[in-house]
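Per mature numbering (1 follows the signal peptide of the UniProt record, and there is no 0): the sequence shown = residues -24 to -1, 1 to 725.
Data first, discussion second: the structure below is written as structure tokens.
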Amino acid sequence: MTGGRGLWLWAAVWACVCVCLALADEEDPLQHEAQVAARDRQLTRVLRLLGVEGQEGRGGPPDEEQGGEACSRRTLDLTIPAAQLAKFTTETRAALRLANLLNNLFVGVPEAFEPAYPAHVFHALVRAALENEPSITSSSIAFLRGEYRPPAEEEPQEVFGAYGWRREGGGVATTELASLHNHSLDHPAHHDTKWFTAHSSYRFSRRRINSSLGGEESVPPGPITLTRAEDGQWASQPLLDCGASNLWVVAYSLPFFGRADDALYAKIKGVVLVTVPLQEVDLDQCDVDDLLGPHLFASTHKCDVSTTQCESVTGLGFRRGGYRCQCHPGYYLPRPGPGYFSGEEIETAYSARQSLDAFRCLPCPEGCQLCSASMPCPVRTHALPRLLPACLQAAAVCVSLVLAAVVLKIRKCKVIAVSLWTMLEMVILGAVVIYCTIFLRFVEPSVTMCMVEPWFRELGFAIFYGAIVLKLYRSLVDHRTRKAHRYVIRDRDLLKYLAGLVAFVTGYLAAWSALVAHLASEGHSLLALGHTPEGLAFVTCKSMWWEYVTEAGELIFVCFGLYLAWQLRKAAGDAGEVGELCERRSLTAALLLELLSSTVLYVGRHVLLLRAHPDHAFLAYFARTHLTVTLSLLLILVPKLWCAGGGGRELPRRTYSTTEGAHEPRFCDALTNGDLEASDINLSQMDPEEIRAELKRVYTQLEVLRTKTMRKDNPHISKRRGGRKATHRRFSMQSRKGSREKVLEDLFL
């Protein structure tokens, strides 16, 4: 029992310690604001010292007193993270080229030759480095103590360095480095010469010149690259270029080498220096921990830590506002915009002592992790309910293309030729275009999608159902037997009618697109925001008045096709071919499917437009497409392809009804073959429709025979397929060379 109580006591103590540590880790907003204010005062002093901000505001020049104070100490107590200096690759490459050029001057010479270059050579080299790289503020070539050997005509110097910088008004100036410093460069106690002393004790002070050199060889072949990029170092603190450009700079230095006494090794001879202005370095005010610890201006941002997080923005230089406040997950920006608060905007409000409450993010509704001002809690679409229908749609497109190829291949078959194979191809083409609308609805709604999708829908509708209605119209014209004149509609005429319909729809869509583009340029959006019954928001295409006109036009056109089908009901008894009667029924069924499905979808769409889940709306359009287009293709094409393949070979070519309902052979064929005598026919027992069909068949055969006989001995009679002849000519003068007439000739003769 004692051991158990002790265990429970230790557990309670441990829990209390964890709670205290957790509470200690939580940042008090007031404490954070106090820390930000203290660090911001330090930042203000530095920016005023640099001349970025003035005494009364930002952008003023530094005064003389501040400049004198800075020149007296020459360095800033500021650590710049290495990541902020990685962008100066052009400047570091320039320093590397200069260092290796010096290596070739001092190492790439014969062993017995002691190189001695005058001072103006090194002044020219630093001047060339500044002129070649405009981003460099100053450059220097500094020799170690005792390493500079001038020509005999010059006075010997124990310490020498050539220094060049850019003048404020333009141009480049050079001087000796010793004139800018009141102390020796190699003194380790001075921070402003760290760039030099860091290399004087270089651990690789001796480096092999070329491992392939033999005993007799003294000059290495090719250029010498003893200095490498990893030898370069950035100064840990910014320096004041006092006496030259008088700018705060960041120094980058590299060693260069000379030949050692043993001729196979090179020893360090001096240091190459290039500097860049501190104002080009990005000021990072976010909470960044470097390897050396947080830098001086870390956590000086003004982001609300409870709802936002700071993100650095590069390319703005050493000034305030180089960050943005991004909302935490589960929060959203209370205003439409890029999705974050600009650091420059926040710093301006802070310097004007304005309240920063407007720069806080708002929490998303409960259970929602992603939201925005325009969409407080968006709908999450599921991949499976969209991906599977899209795959089925792609398969339907492939099957349609295969059917188009099959119809084209067997277009000379009687079943396909009688059914106008060109119109069948147009039906398949319209189906493919309508299928493409599902692929457009698969992606998220956008202005482009809302403008493109109606083009595919309406053009596909015009081609698909236009071809169906024209086929019904052709059948209706062919069965107008009571008229005084016979009208001939050729395949090319049907294509012209269909092209006119497509041109009309194209003009309508073009006018609509121009109007929508004009409205969009004036600020009107094509997108609307909807909400599901659960409160989830989604973006959809806005319903406009033109859609009511378009949908009504579709339904009226379908009803017109059904009217033509209704007019054909009287010709059902005179249909003759079983396939022709089946085709009429298939075309009528296709129109009925479109009328019912589209009516239900359009009514539901306008009633539930801004309440239906996007996945459910996508599935509804997918179901409508296959209930109308796919079923229509099956009803129209499958019987024809089955008959063309030999499946309907045993069906009678013509059916007749008798009083007993049984099928009897043709009387004309029976009389011709001698199986039936004329005296055996009892007209009182025959159906009137049966007599009318036989008389029509005999009349057609006589007309065909008379026309062929007339043309045989009369070459002046035209044999063209109708051409430009008037369509109201007498029946006996009609051409029999068209595709449909030729098939009838083959059937009856």
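The beta carbon of each residue, even a glycine, is placed where N, CA and C say it ideally should be.
Taking the alpha carbon of Cys301 as the point to measure from, which residue in Thr201, Ser318 and Tyr484 has its own alpha carbon closest?
Ser318
Start-to-end residues for the beta strand (DSSP E) that takes in Ala487:
Taken as a continuous stretch (DSSP letters only), Ala487 belongs to no beta strand (DSSP E), being part of the alpha helix (DSSP H) at Asp467 to Ser497.
With a threshold of 6 Å on Cβ separation, who are the neighbours of Glu41 within its own chain once the five nearest residues in sequence on each side are excluded?
Because the pLDDT at Glu41 is just 40, under 50, the model does not fix this residue reliably, and the value given afterwards should be weighed accordingly. Counting only Cβ-Cβ distances below 6 Å, and skipping sequence neighbours, we find nothing.
Identify, in the order they occur along the chain, each residue of the same chain with its Cβ nearer than 7 Å to the Cβ of Leu595, setting aside the five sequence neighbours on each side.
Pro361 and Pro365
Where do the ends of the beta strand (DSSP E) carrying Ile117 lie?
Ser114 to Phe119
Burial state of Tyr308, where buried means 16 or more other Cβ atoms lie within 10 Å:
buried
Would you kindly work out how many angstroms separate the C-alpha atoms of Leu611 and His589, rounded to a whole number?
32 Å
Residue interval of the beta strand (DSSP E) (run including Cys262)
That residue, Cys262, is in no beta strand (DSSP E); it is neither H nor E in DSSP.
Looking at C-beta atoms only, is the number of pairs between the segment 245 to 261 and the segment 60 to 75 that lie closer than 8 Å three or more?
yes
Should Thr51 and Leu153 be called a contact, given that it needs their Cβ atoms to be closer than 7 Å?
no
Same chain, Cβ closer than 8 Å to Asn108, five either side skipped, listed in chain order:
Ala70
Completely contained alpha helix (DSSP H) runs for the segment 517 to 597, where each covers 4 or more residues
521 to 543 and 554 to 583
For Tyr326, count neighbouring Cβ atoms within 10 angstroms of its own Cβ and tell me buried if that reaches 16, exposed if not.
Counting of Cβ neighbours within 10 angstroms places Tyr326 among the buried residues, the total reaching 16 or more.
Selection from Val97, Leu156, Arg587 and Ser573 that minimises the alpha carbon distance to Pro509
Arg587
Counterpart residues of Phe286 in DSSP-defined beta bridges:
According to the sequence shown, residue 286 is Cys rather than Phe. Looking at the DSSP assignment, Cys286 forms a beta bridge with Cys301.
Give me, in chain order, the residues of the same chain whose beta-carbon lies closer than 7 Å to that of residue 728; leave out the 5 immediate sequence neighbours on both sides.
With the chain covering -24 to 725 only, the question about residue 728 has no answer from this structure.
Own chain, CB closer than 8 Å to Glu32, minus 5 neighbours either side, in chain order:
In this prediction, Glu32 scores a pLDDT of 42, lower than 50, which makes its location untrustworthy; no coordinate-derived value is stated.
Identify the residues that DSSP records as bridge partners of Gln209: which are they?
Paired residues: Ser229.
In terms of residues, what are the limits of the beta strand (DSSP E) holding Thr51?
Element bounds for Thr51: n/a, residue is neither H nor E.
Please check the pair Lys447 and Leu396, which I expect to be a contact at CB under 8 Å, by giving their CB distance rounded to whole angstroms.
6 Å
Where Lys672 falls: helix, strand or coil (DSSP):
helix
Determine the burial state of Glu434: buried for a count of at least 16 other Cβ atoms within 10 Å of its Cβ, exposed for fewer.
Here Glu434 is buried, its C-beta having at least 16 other C-beta atoms within 10 Å.
When DSSP builds the beta bridges, which residues end up paired with Thr244?
Looking at the sequence provided, one finds Ile at residue 244 rather than Thr. In DSSP, Ile244 forms a bridge with Phe233.
With 16 as the cutoff for other CB atoms within 10 Å, does His500 come out buried or exposed?
exposed
With a threshold of 16 other CB atoms inside 10 Å of the CB of Arg600, please say whether the residue is buried or exposed.
buried
Helix, strand or coil at Gly506 according to DSSP, with G and I counted as helix:
strand
Apply the 10 Å Cβ neighbour rule to Met686 and answer buried if 16 or more other Cβ atoms are within range, or exposed otherwise.
exposed
In whole angstroms, give me the CA-to-CA distance for residue 734 and Lys63.
Nothing about residue 734 can be reported from this structure: the residues present for the chain run from -24 to 725 only.
Closest by CA to Ala227, which one among Phe514, Ala211, Ser574 and Leu405?
Ala211
Do the segment 470 to 490 and the segment 427 to 445 make contact, defined as three or more Cβ pairs closer than 8 Å?
yes
Going by DSSP, what residue range makes up the beta strand (DSSP E) through Tyr316?
Counting along the chain, the beta strand (DSSP E) containing Tyr316 begins and ends at Tyr316 to Ser318.
Am I right that Ile117 and Val252 are in contact with their C-beta atoms under 8 Å? What's the rounded C-beta distance?
No, Ile117 and Val252 are not in contact; Cβ-Cβ is about 17 Å, not under 8 Å.
Need the endpoints of the alpha helix (DSSP H) that Thr606 sits in, please.
Note, Thr606: premise wrong, no alpha helix (DSSP H); not H, not E.
Just to confirm before moving on: does the CB-CB distance between Ser114 and Asp217 stay below 7 Å?
yes
Applying the 10 Å Cβ sphere with the 16-neighbour rule, what's the burial state of Phe335?
So Phe335 counts as buried.
What are the boundary residues of the beta strand (DSSP E) that includes Arg142?
Gly137 to Arg142
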